[in-house]
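Step one of this worksheet: look at the structure below.
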Amino acid sequence: MTTSVIHVDVQRLRMHHRQPHWSQTSQRLFTECPRAWAHEYAFLEQGKPPRRGSSRPRTFDEITVRVARLIWIERLNDQYQRKIWSDIYRRRRISSTMDEMLWSARMNASELRKATAIHRVAEQLRSLEQSSMLRIVFGEQGKRWVYFQRQEKVELNGIDLFAAPDIAVFHQDKWTLIRIRFRTSKWLPTIDLEHRLMAHWAVQQPGFPSSANEYRIRELAWSRGVWREQRIEFDEKGMDEALDLLLHDVQEMRWTQRMALADPSLDILPLALSERSCRICSHRETCPAKDGLQKAKQRQRDYLTTLDSKRSDQVSEH
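The opening residue of the sequence shown carries number 228 in this note's numbering; numbering runs sequentially from there.
Structure (structure tokens):
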């Protein structure tokens with residue numbers, strides 16, 4: 228084993244039959260900017276899976292995080308096969324992967340900057356192996372554990388759910404589901420949802436216990452140079468709430484998709500919450516907010532006011 232009123236002509240609109248999905252990437256993008264979400268997900272061809280992880284990194288920091296995650300997966304795969312890594316080999320793999328990703332992203336970085344990043348990633352991964360939660364994976368034989376790719380899905384209430392833990396360890400008669408965060412962002416309400424959906428994902432996974440009581444949930448997050456462990460408390464009520472939030476998210480996404488298909492200009496879709504989202508957005512050059520988010524929002528308000536006025540006039544005429 229290793230997320231203003233508009234008329235929609237339903238007769239003319241070719242709706243997609245692809246099963247709805249929820250993933251952390253999709254949900255966070257939807258929260259940050261519905262317009263950017265529509266670019267990524269609303270126009271997918273029928274039967275085509277959502278694009279996951281294929282976008283080109285836009286900053287050197289983003290490359291560093293991706294390199295760390297890729298090397299970590301390699302390390303887990305080799306550990307699963309009982310292959311030993313030396314510190315020299317780890318650094319060599321980090322360096323090679325970083326060069327490949329920089330070339331693919333058409334990005335340049337000085338040798339000093341690369342060397343600093345390679346050292347930081349190597350120390351980050353070394354200390355991750357030595358963390359209290361993962362020490363038994365790398366230091367003891369015979370322990371039951373398994374790792375997953377985040378692209379692995381299960382079906383939940385007709386929704387493709389992408390909420391796999393990064394690693395699961397059987398310890399003291401329970402499975403501990405662990406999510407690893409190589410870059411700590413500000414806390415968002417959706418983070419709790421992501422954690423609880425891991426338990427939903429595991430319950431639906433063949434070979435795993437069917438009761439949420441059989442799991443623990445933990446997060447390992449890199450913050451200020453150390454790995455910090457967080458215990459996630461959850462119960463049946465929390466699981467039910469997570470499912471309700473999942474269904475609500477998917478409903479909102481599907482409605483946004485219908486609006487985008489009805490008006491591919493995306494002029495009526497909400498713009499980003501913050502300028503920061505715009506700065507790293509791959510769709511910025513074609514976005515009304517490319518010259519400033521607040522100005523674009525004001526133009527959109529004026530446009531929607533005009534639409535409402537025209538609609539009112541049409542109703543009055545009839």
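Positions of the beta carbon are idealized from the N, C-alpha and C atoms, including for glycine.
Among the residues of its own chain, which have a CB less than 6 Å from the CB of Gly280, if the five just before and after it don't count? Note that Gly280 has pLDDT 44, beneath the 50 cutoff, so the model's placement of it is unreliable and no number is given.
Please list the segments of the beta strand (DSSP E) lying wholly inside the region 245-297, counting only runs of 3 or more residues, in order along the chain. 248-250
Look up Glu460 in the DSSP assignment and say whether it is helix, strand or coil. coil
Rounded to a whole number of angstroms, what is the C-alpha to C-alpha distance between Asp471 and Leu420? 10 Å
Hey, which unbroken runs of the beta strand (DSSP E) at 3 residues or more fall wholly within the region 358-433? 372-374, 381-383, 386-389, 394-398 and 401-408
Compare the C-beta of Thr291 against all C-beta atoms of chain C and say whether one is closer than 7 Å. As a matter of chain content, chain C is missing from the structure shown, which is built from one protein chain.
Use the C-beta contact count for Pro392: other C-beta atoms within 10 angstroms, 16 or more gives buried, fewer gives exposed. buried
Distance between beta carbons of Ile345 and Ile315, contact taken as under 8 Å: Rounded, the Cβ-Cβ distance is 12 Å, inconsistent with contact.
Measuring alpha carbon to alpha carbon, tell me which of Asp467, Met486, Arg408 and Ala426 ends up nearest Trp449. Arg408
Ala269 beta carbon less than 7 Å from that of Ala546: Because residue 546 is not part of the residues shown, which for the chain are 228 to 545, the question remains open.
Identify, in the order they occur along the chain, each residue of the same chain with its Cβ nearer than 7 Å to the Cβ of Cys505, setting aside the five sequence neighbours on each side. Ala499, Arg511, Ala516 and Leu520
When you compare only the Cα positions, how much space is there between Val348 and Met328? 15 Å
If you drop the 5 nearest sequence neighbours on each side, which residues of the same chain put their C-beta closer than 7 Å to that of Lys380? Asp387, Leu388 and Phe389
By the DSSP assignment, the beta strand (DSSP E) with Glu446 in it spans what residues? Tyr442 to Ser450
Which listed residue (Gln351, Leu496, Leu361 and Gln478) has its alpha carbon closest to that of Asn384: Gln478
Give, in chain order, every unbroken run of the beta strand (DSSP E) that is at least 3 residues long and sits entirely within the region 501-543. none
Reducing DSSP to helix, strand and coil, say where Trp482 ends up. helix
Extent of the continuous alpha helix (DSSP H) to which Ala174 belongs: For residue 174 there is no data in the structure shown, the boundaries of the chain being 228 and 545.
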